[in-house]
Each structure stands twice: as C-alpha cells, then as structure tokens.
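Asker: Take a look at this one; I'll ask things after.
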Amino acid sequence: MTFTPTDYKPYDFANRRHIGPSPSEMEEMLKVVGVESLDQLIDETIPAAIRQKEPLDFGKPKSERELLWHMRQVAKKNQVFTSMIGQGFYGTVTPSVIQRNILENPAWYTAYTPYQPEISQGRLEALLNYQTMVADLTGLEIANASLLDEASAAAEAMTMARRLSKSKANAFFVDENCHPQNIAVIETHAEPLGIEIEVGDPEAMDASRYFGAIFQYPGTYGHIRDFTAQIAALHEVGALGIVIADPLALTILKEPGAMGADIAVGSTQRFGVPMGYGGPHAAYMACRDSMKRAMPGRLVGVSVDSHGHRALRLALQAREQHIRREKATSNVCTAQALLAVMASFYAVFHGPEGLKAIAQRIHRKTVRVARALEQAGFTVEPEAFFDTITVEVGPLQGVIFDEAARQRINLRKVGRTKLGISLDETTRPATIERLWSAFGIHRRDDDFTPEYRIPDALQRTSEYLTHPVFHMNRAETEMMRYMRRLADRDLALDRAMIPLGSCTMKLNAATEMMPLSWPEFSQIHPFAPADQVAGYTELIEDLAEKLCQITGYDAMSMQPNSGATGEYAGLLTIRAWHRSRGEGHRNICLIPVSAHGTNPASAQMAGMKVVAVKSAPNGDIDVEDFRRKAEEAGDNLAACMITYPSTHGVFEETVREICDITHEFGGQVYIDGANLNAMVGLVKPGEIGGDVSHLNLHKTFAIPHGGGGPGMGPIGVKAHLAPFLPGHPMTDGRPGAVAAAPFGSASILTISWAYILMMGGAGLTQASKVAILSANYIAKRLEGAYDVLFKGKGGRVAHECILDTRPFADSAHVTVEDIAKRLIDNGFHAPTMSWPVQGTLMIEPTESETKGELDRFCTAMLAIREEIRAIEEGRMDAENNPLKNAPHTVEDLVGEWNRPYTREQGCFPPGAFRIDKYWPPVNRVDNVYGDRHLVCTCPPMEAYSEAAE
Ligand SMILES: Cc1ncc(COP(=O)(O)O)c(C=O)c1O
1 MTFTPTDYKP YDFANRRHIG PSPSEMEEML KVVGVESLDQ LIDETIPAAI
51 RQKEPLDFGK PKSERELLWH MRQVAKKNQV FTSMIGQGFY GTVTPSVIQR
101 NILENPAWYT AYTPYQPEIS QGRLEALLNY QTMVADLTGL EIANASLLDE
151 ASAAAEAMTM ARRLSKSKAN AFFVDENCHP QNIAVIETHA EPLGIEIEVG
201 DPEAMDASRY FGAIFQYPGT YGHIRDFTAQ IAALHEVGAL GIVIADPLAL
251 TILKEPGAMG ADIAVGSTQR FGVPMGYGGP HAAYMACRDS MKRAMPGRLV
301 GVSVDSHGHR ALRLALQARE QHIRREKATS NVCTAQALLA VMASFYAVFH
351 GPEGLKAIAQ RIHRKTVRVA RALEQAGFTV EPEAFFDTIT VEVGPLQGVI
401 FDEAARQRIN LRKVGRTKLG ISLDETTRPA TIERLWSAFG IHRRDDDFTP
451 EYRIPDALQR TSEYLTHPVF HMNRAETEMM RYMRRLADRD LALDRAMIPL
501 GSCTMKLNAA TEMMPLSWPE FSQIHPFAPA DQVAGYTELI EDLAEKLCQI
551 TGYDAMSMQP NSGATGEYAG LLTIRAWHRS RGEGHRNICL IPVSAHGTNP
601 ASAQMAGMKV VAVKSAPNGD IDVEDFRRKA EEAGDNLAAC MITYPSTHGV
651 FEETVREICD ITHEFGGQVY IDGANLNAMV GLVKPGEIGG DVSHLNLHKT
701 FAIPHGGGGP GMGPIGVKAH LAPFLPGHPM TDGRPGAVAA APFGSASILT
751 ISWAYILMMG GAGLTQASKV AILSANYIAK RLEGAYDVLF KGKGGRVAHE
801 CILDTRPFAD SAHVTVEDIA KRLIDNGFHA PTMSWPVQGT LMIEPTESET
851 KGELDRFCTA MLAIREEIRA IEEGRMDAEN NPLKNAPHTV EDLVGEWNRP
901 YTREQGCFPP GAFRIDKYWP PVNRVDNVYG DRHLVCTCPP MEAYSEAAE
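Quick note on the UniProt record's numbering: the sequence shown kicks off at 1 and runs consecutively.
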C-alpha cells in the first residue's frame, strides 16, 4: 500500500487552531469578496503609505505542547513562598468547584459584558449576588459590580465624594494607615483635578478643612478603629466619609454603614481569587442609596421583561461614559466581572456562617502568633487587630526577615525596625511554627484556646447575607448545578460568534488559559521580593518587548488594568511630559465625535479640556475642522485622541496629516489601540505618528472578556515619553501609579504571551489579515440587503463594518434593537448597537470564526431583512411580528399562540440550531421600568417563585 502525502500540520496553532476559516474556505471567501488573494485585499484596504516595511519576526512559533513546556520552565523561575505581606493581598483558598466551573469554564470566561440582558441573565444573577453581598457586608444600601482594584476604587470614591460633597473645601484627607499603593493612586487622581491631598492621623483630623476623607479598615499596620466620630465630624461640615474595608474582616467587625460611612470600597480578592502577582481581582464600591447616580462602574438592577417576568439588566446606564462622555462620572468600562462572579460564588459556597468561621479562625491564629511573640519579649502592635500585626524587632529586622525567607515565608518590612505579619485562610499551624522559628521561638502551635482581640464596641452585631441564595444547600452537587444553570442561561463565545464591533471577541484558546492557574503564577504576592519572581520578570519583559515591536513604540507600561485606565495613564504621561518642558498650561485634548466614550471621560479625569472634532460625511475625521480646532487651541494644545483604524471601521488616509497637525501645534498624539486587531504585522501606530497607545490585551491578544473583565490596557510610548510612564510606590517609588499592583493584573499576561508565542510574527499578521477578510466577506454577503455605512478609498472596510438600519425605522417601524433581539432567536449575540452612529449595527467577526459560522450569521441577517421586507410590503403586521416580539422564549413556544406567524417562524428562524437551539430565559427586558423602580440587590425569594410560576 502507498501513502498519500498530506500537508496537514497537526500542531500548527496559528493556521489550524486559532484562525477560523480553513485555507479552502478562505479561497471561497476571497472569491466572494472579489479579489485574487488575501494580499490584494489588504493592499486595497490599508493605505500603502502607512504599511509597515519589515514583517514581524518572533522566530519559530511554538506548538501548544512546546508552549506549555516553555511556560513550565518560566514558571519554575518564580518561587512560591507563603505570603504574610498582607497590604491588601492575601492567600485564599479557591474552592475547586469555583475554579473548575467558573474560572476555567469558557461558558463564563468567554462571555461579553451583559449589555444584551436577555442572553446574560446567568451572569447578571451572579453579579446581583455580588452586589447583595457587598451591600450586606458594608452595611450600605447599594453596591456596584465592580471596579478594577482597591486603589483605583479608593480614588474613584474620592472624586465621587467631591461631586457630592456640600463642603466647598478643596482638600481631601487620607488616613496615614491606608496601604501605600492606595495613597499613591489617590494622589495620582487628585493632582490633575487640583485636589489637595493631606495624609495624616485620623485622630488629629480637622474635618472642616476637607470635602471628604478616606480611612483604611483594618489599617495597613493592622489597627482597627471606629471612625464613627470622624465621619460625624465630616457630616457636620457637609463632607463625606469613605472607608476602605476588607470584606472578610467585615464578617466580624462593625460595618462601615454602622459608622455612618457614605461610601465603602475595597478588594474582594481574598474571596477565593488568587493573588496572581497583583491580579486580576474585583474591587467593590458601596454607597448610600441617595448617591447611586454618582457612582462609577456597572450596576446590575432588577426589572421585568415584556411578559412582566422578573429580569435583570444593567441599570442607570445613562451615568456611563457611552452617553455622558466628558461629563461622565468616571471612565470605568471593562471592570472585573469574572472575578466578581468568583467572589460572589465564594460567598454562596461558604454562606455567612462559613465566612464568619473563616474570619474568626484567621483572627484566632493571629492572636496565637501575637501571644507567642509577646511571651518571647517582642512588642506587638496594635492592641486591637483582625489579621495583621506589626512587631517591633529593633536591629533584628534584616535577620528575622531573611530567616523567614529561608523558611519560605515573606514578611513585610515596616520602617527600619518593624515587621508586618498578615495571616489568611491558608495559614496552617505548621506555617505558624515556621514563622515563630524565624523569630527564634521554637514551640508547637497547639494551644487552640480561643482568644479574641477585638473590642466589644468593634464587633459586628448586625446580620448579613440573609438572602436565601447564601443559604442554599452547600453540597457540591448543588453548587455545581447552580453554576451550570446560570451558565446555561447565557450566550457566550463557547456557543456562537459574538460579532461585537470594537470589542474583538476572538478565540481564547484553552492552552493560553492554562498557565494562569499554576501556583507559580497564581500564588505570588505582587510585592514579593524581586529574586522570587524571575519567571514573571522574564515574561513581562519579553511580552513588553514584543508589544513594542508590534506597535512601533519604544517603551511599554504594563500597569493599566483596562483600556480606559491605559487612556488615562497615557494622557497623564503626556501631561507630565508637557510639564517637564515648562508647558504645563497645555490642557486641550481634541477628540473626534466618533470616539469611544472612555476617551473624553479619561481626558477630563486627566485634567484636560475636551474639544470635539467633527466627522466628514464619509465618516473620516474632518481634517479642516481638526486643523481649525488645533489652531484655536494653539499653545494650549495638549493632545489629540484618535482611534485607528477609525471607530467607523476604516483605515483613514489622512491619519498622518492628523498626527502632523497635532505635532505642528506642540500636541501629542494618542492613538486608541482598541482596533489593533486590524493592524498587527501590517501597520504600527508608533510609526504613523502616534506618541502613545493603549492596547486592549483582552481584545487583540486573547485575554477573554469574562463577561465584562478582566482586561489589561498596557500603554506603549515613544522614547521621549518613557521617563513619564506610571511609577509605583512598591517598585521605583516614582509618582503616577494608576493601579494597586506594579504590573496590573499580571497573571493574565500569561494568556497574551502564550498567544503571541504560539502565533509567531507571521501567524499574528495572518490573523489581522483574516480579520479584515472576514469583515469584508460579511459586508459583501450582506450587500444589497443592508448598506455598509463607511468604506475606505478602495471600497473596503477594515476589520469591522457598520450596517445602517435606520431606513427600516421609516419603512417598517423596525428599530436597531428589534434586529439585535431577533438575532437572539437566530442564536447570536447582537453586534454593537448604535455606536458610534445611532441606529446602526457594528459587526466585527474576528479571524477566529469559521466560514460556516460567518455564513450562519449572514443567513440570519438576510432572513431578518426578508422579515423587514414582509412588513414593508404589508405581508406582515407592523406591530405583531417576529422582530417586535423577539426574542422568543420556551414559554412563548408552549404558551397560547395568537400571532400572525407560526411558532416555527418565531422560534426557529434561519440560522437557529434545531437541536442545540439557544433559548433566552426571558423576553425583551424593559430598561425604563427597571430604572424607575431601582432594585440593585437580590429581590426577596417570593419574587423568584413568582417568576417561576
Ligand atoms: C475604541 C475603544 N476605546 C477604549 C475602550 C475601553 O477599553 P476598556 O473597556 O478595556 O476600558 C474600548 C472598549 O470597548 C473601545 O472600544
């Protein structure tokens, strides 16, 4: 027998696994698009003048097995010590059922932000549980879900207090017992807004001098104090009191609400989310009900669907940057949804008794540690504490610190003569014995007599987590099924294409996701000594270097935790550069009207004045208007913020001109990198005139969206700006920190690194080319049925296309929302709706979708067009039709059917799977009702049973 040779490469990740269309499918797609080759399409799409000259070359790409082997070698260079550093990051036990069914489950991590509530009821319920948990623990009325980290949440709380405070003071008081990274990020946010920060002792605070004050609870050195008197004094003068509180401590300590606090913030990391060398973890914010409209971040609320059933959705969205732009309360967009979901399940898993037991055990262990140290003659502070103590060791600081390290324990150096020790739920008697031995104490940890060092007045007396969801049967069977039930309500990337414009919902490959769960990456404290993190250092440096090569920038900061934080950090970098040249007066930022809402919101946070620039009729930036505005700004021009390819989905020919004009007037060019997926290996933003860009690693570089986060928004800059990149108090001590950890959510950098190493330079370039092919394929296939609003000079779109659905409002009373909801019946997540142009759909298929899935989507869109035509031609009722009634649920199918179309037409439109049909759990959700009757915590149990009836 003879062998038939094959060119199939089983281990080729880029072309066989990551890129959806097979070579033969690509041939067919090119034919439809009307080009001979992929390169011809790229030449027709991207202006020749801006193409990069040299191909990307990162050497031979790694197969999946090679990658995992390589990552293992790098992981081994990190040393996993027991962390007793504390300072906001703690060891925690991630329940396996959460690790396997949430963190490592694509049904949860590949989901998009729940802007389409009908297909997001599962994650919305988990986030509502989170909000309920936070509101209960803090003793405040309303909580969001969620913020990026504790430090930025503290800064957001400060600016929120400024918006709400009745005091005219310009200064803000910061408790000297706040963690250093919190103080640093608060200072970063305060400076451009002209807020004066005074750090001091709360006992000596003169409330009349401040519009607000923030206190850490427990303090960074372990103190637990009641801030009731300070907050009352603040209220006397119309100022607000904010408490940064550890949610685990709040299970046994008096809650901020009971102290009169107006706002509470903190990190939910120790609710089962590994430290990950800094993240990702979710921060929370809770406040009084009267303040909810001023609260940043996303808020889940309860509403009803078109049949009056209970349904969840994001509430009060008019607060967000999408709508309010530079008047927005904050720029928070991608937050930490997946990590908030994990934390909420941790609370469901343990319930209030379990959480309390964990907190009490930690406290008793801390008391045992303190008692032995005191008996050995050490002075232990403070008298009252929860899980952290500070020990005076005089000249022995270095010796004990080093001895603890020899015992593989990290302590915190406090000043020159003290050591900080924080315990957590992972601390075991053997750990305590090792710790003692570092202090020269050799004894067994076997005296378990309970002892508490929390004064009665500071003990919690109120109930929390009373809702039935926190009291369900704790058998793993039940937990697993609850998680599964919620996941099944949602439509994530593991079921269907999510064609979201500007959001690049590409494959998050399993191999890329694996290393982040390894202890060498997940169990590292962000402030661990440098010699224990050689693996992370190698990873971060190599990733930064590769991202610099991809973007054409000279330096990269890995600190920002989201695209919007990247924008903010980039603008602060520009600001610091202007100031260094004696041009601190430059404060005008030109931003096209089509820009993403985070751009103007970030600019105002960075102390800049936003001047909007018009779009030309073809969708490009109106160059004349741009020049005029730049001239008007003159010596005050600080920067422009543009997106490339544009938010209209085209490679504008005039991008260099825009950059030149900005430079001519002394400004700096910020290129928003959200659309980098169209450019990798083809165009470098740093070569076309950009001075700074953020990259959304959760778009272009394979980090999953997690239902609204995590994300990473590193910024690349040209050399002249490098000295002004964000500093950090725990590394270089320079100002400008924008995140709690020096490398943001470091553990998910493993995903982007794995992606780049497996794709290689050619694979990454091919991915961008295929992303462009797929968008043009969809545009071509839908030609005639829908108008593509904007195209480049060569008649091509970039990696996304905007369909104009506005004409159907007149011709058939069909809105863009009707189409979006009808797509749910077809088994799709809707594209981005009404942005950047009202009444349009922005479709970005990405390179990862197969031709089969692209065709299924086109089939669905064409069928929808036929339904619209039927209404236009009077063959279908204008109000009672499948579009207006979409989405259809099982209840619709089995209920009474008095509609002028069949059940088949309603529930199984073309494109919908027959067997694997996705059924939305609710009908169309009523947003207005929910905002009028705002409920943002779990409704009482009767509401669940009513809904089920
Ligand atoms: C063009 C653009 N800029 C900035 C952002 C903000 O990024 P992030 O959500 O990571 O904060 C987005 C997010 O969708 C975007 O599309």
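Every residue, glycine too, gets a C-beta built ideally from N, C-alpha and C. Values in this document were obtained by computation on a predicted structure and should not be read as measured data.
Looking at His728 and Gly566, is the spacing between their C-beta atoms short of 8 Å?
Answerer: For Gly566 and His728, no; Cβs fall outside 8 Å.
Asker: Compute the Euclidean distance between the alpha carbons of Phe401 and Leu419, then round it to the nearest angstrom.
Answerer: Going from the Cα of Phe401 to the Cα of Leu419 covers about 8 Å.
Asker: Hey, out of Asp136, Gly763 and Asn129, whose CA is closest to residue 956's CA?
Answerer: Since the displayed the chain opens at 1 and closes at 949, residue 956 lies outside it and no answer follows.
Asker: Following the continuous alpha helix (DSSP H) through Cys287, name the residue where it begins and the one where it ends.
Answerer: It is not in any alpha helix (DSSP H) - Cys287 instead sits in the beta strand (DSSP E) that spans Ala283 to Cys287.
Asker: For Ile751, tell me which candidate among Ile591, Glu64 and Ser146 has the shortest Cα-Cα distance.
Answerer: Minimum Cα distance to Ile751 is reached at Glu64.
Asker: Cα-Cα, which of Thr662, Gly666, Gly711 and Gly689 is closest to Ala674?
Answerer: Ranking Thr662, Gly666, Gly711 and Gly689 by Cα distance to Ala674 puts Gly711 first.
Asker: Using a strict less-than 6 Å threshold between each residue's beta carbon and the heavy atoms of ligand 1, what residues do you get?
Answerer: That gives Cys333, Thr334, Ser502, Cys503, Ser562, Gly563, Ala564, His596, Thr598, Thr643, Thr647, Asp672, Ala674, Asn696, Gly711 and Gly713.
Asker: Using the beta-carbon count (16 or more within 10 Å), is Gln668 buried or exposed?
Answerer: Its Cβ being crowded by 16 or more others within 10 Å, Gln668 is buried.
Asker: Can you give me the C-alpha to C-alpha distance between Asp39 and Arg16, rounded to a whole angstrom?
Answerer: C-alpha separation (whole angstroms): 19 Å.
Asker: Using the three-state DSSP reduction, which class does Leu883 fall into: helix, strand or coil?
Answerer: DSSP places Leu883 in coil when its eight states are reduced to three.
Asker: Exposed or buried, what is Ser945 when buried is set at 16 or more other beta-carbons lying within 10 Å of its beta-carbon?
Answerer: Low confidence applies here, because Ser945 scores a pLDDT of 47, under 50, leaving its location unreliable and the question unanswered by this model.
Asker: Mind listing, in chain order, the continuous beta strand (DSSP E) runs of no fewer than 3 residues lying wholly within the region 259-317?
Answerer: Listed in chain order, they are 263-267, 283-287, 300-305 and 310-314.
Asker: Name, in chain order, the residues that DSSP records as bridge partners for Pro742.
Answerer: None, per the DSSP bridge assignment.
Asker: So is Ile756 buried or exposed if we call it buried at 16+ other beta carbons inside 10 Å?
Answerer: It is buried - the Cβ of Ile756 has at least 16 other Cβ atoms within 10 Å.
Asker: Does the region 327-337 come close enough to the region 255-266 that 3 or more CB-CB pairs lie under 8 Å?
Answerer: As far as the Cβ criterion goes, the region 255-266 does not touch the region 327-337, which means the pair count is below three.
Asker: Taking only the alpha-carbon atoms, compute the straight-line gap between Pro10 and Met758 and give it to the nearest angstrom.
Answerer: Roughly 14 Å between the two C-alpha positions.
Asker: In this structure, what does DSSP give as the bridge partners for Ala555?
Answerer: Answer is Val717, bridged to Ala555.
Asker: Rounded to the nearest angstrom, what separates Ala947 and Ser306 at their Cα positions?
Answerer: Note that Ala947 scores 46 on pLDDT, short of 50, meaning its location in the model is unreliable; the coordinates nonetheless yield the value given after this. Distance between the alpha carbons of Ala947 and Ser306: 13 Å.
Asker: Under 8 Å: do the region 74-94 and the region 402-414 share three or more Cβ pairs, one atom per stretch?
Answerer: Output reads yes: the region 402-414 touches the region 74-94.
Asker: Identify every residue that forms a DSSP beta bridge with Tyr786.
Answerer: Paired residues: Glu783.
Asker: Give a yes or no on contact between the region 571-588 and the region 709-726, applying the rule of three or more CB pairs nearer than 8 Å.
Answerer: The answer is yes - the region 709-726 touches the region 571-588, with three or more Cβ pairs under 8 Å.
Asker: According to DSSP, which residues form a beta bridge with Met833?
Answerer: DSSP output for Met833 lists Leu841 as bridge partner(s).
Asker: Distance check for Glu520 and Arg444, CA to CA, integer angstroms please.
Answerer: Spanning the two alpha carbons is a distance of roughly 29 Å.
Asker: Figure out for me which residue from Tyr929, Gly795, Val391 and Thr366 has the closest Cα to the Cα of Gly377.
Answerer: The residue with the shortest Cα to Cα distance from Gly377 is Val391.
Asker: Between Ser557 and Tyr644, what straight-line distance do the alpha-carbon atoms span, to the nearest angstrom?
Answerer: Taking the straight line from one Cα to the other gives about 20 Å.
Asker: Is there contact here, the region 676-694 with the region 645-662, by at least three beta-carbon pairs under 8 Å?
Answerer: Yes: the two stretches touch, three or more of their Cβ pairs being nearer than 8 Å.
Asker: For Glu125, tell me which candidate among Leu543, Trp108 and Glu187 has the shortest Cα-Cα distance.
Answerer: Of the candidates Leu543, Trp108 and Glu187, the one whose C-alpha sits nearest the C-alpha of Glu125 is Trp108.
Asker: DSSP on Glu203, reduced to helix/strand/coil?
Answerer: In this structure, Glu203 counts as helix in the three-state DSSP scheme.
Asker: Kindly provide the ranges of any alpha helix (DSSP H) runs that are 4 or more residues long and lie completely inside the region 93-144, ordered along the chain.
Answerer: Fully enclosed alpha helix (DSSP H) runs of 4 or longer: 106-109 and 121-138.
Asker: For a test of the three-state rule: what should DSSP assign to Lys365, helix, strand or coil?
Answerer: Helix at Lys365.
Asker: I believe Tyr553 touches Lys718 by the beta-carbon criterion, under 8 Å. Please report the beta-carbon distance rounded to the nearest angstrom.
Answerer: Correct: roughly 6 Å between the Cβ atoms.
Asker: If we require 4 or more residues per run, which alpha helix (DSSP H) segments fall completely within the region 348-400?
Answerer: The region 348-400 contains no whole alpha helix (DSSP H) run of 4 or more residues.
Asker: Quick test of the definition: if touching needs 3 or more C-beta pairs under 8 Å, does the region 855-863 touch the region 896-911?
Answerer: They touch, by the three-pair rule.
Asker: Using the rule of at least 16 other Cβ atoms within 10 Å of the residue's Cβ for burial, across every protein chain shown, is Lys168 buried or exposed?
Answerer: Classification of Lys168: exposed, given that the 10 Å Cβ count is below 16.
Asker: Using a Cβ-Cβ cutoff of less than 7 Å, which residues in the same chain neighbour Tyr777 once the five nearest sequence positions on both sides are dropped?
Answerer: The residues are Met29, Val32, Val33 and Leu854.
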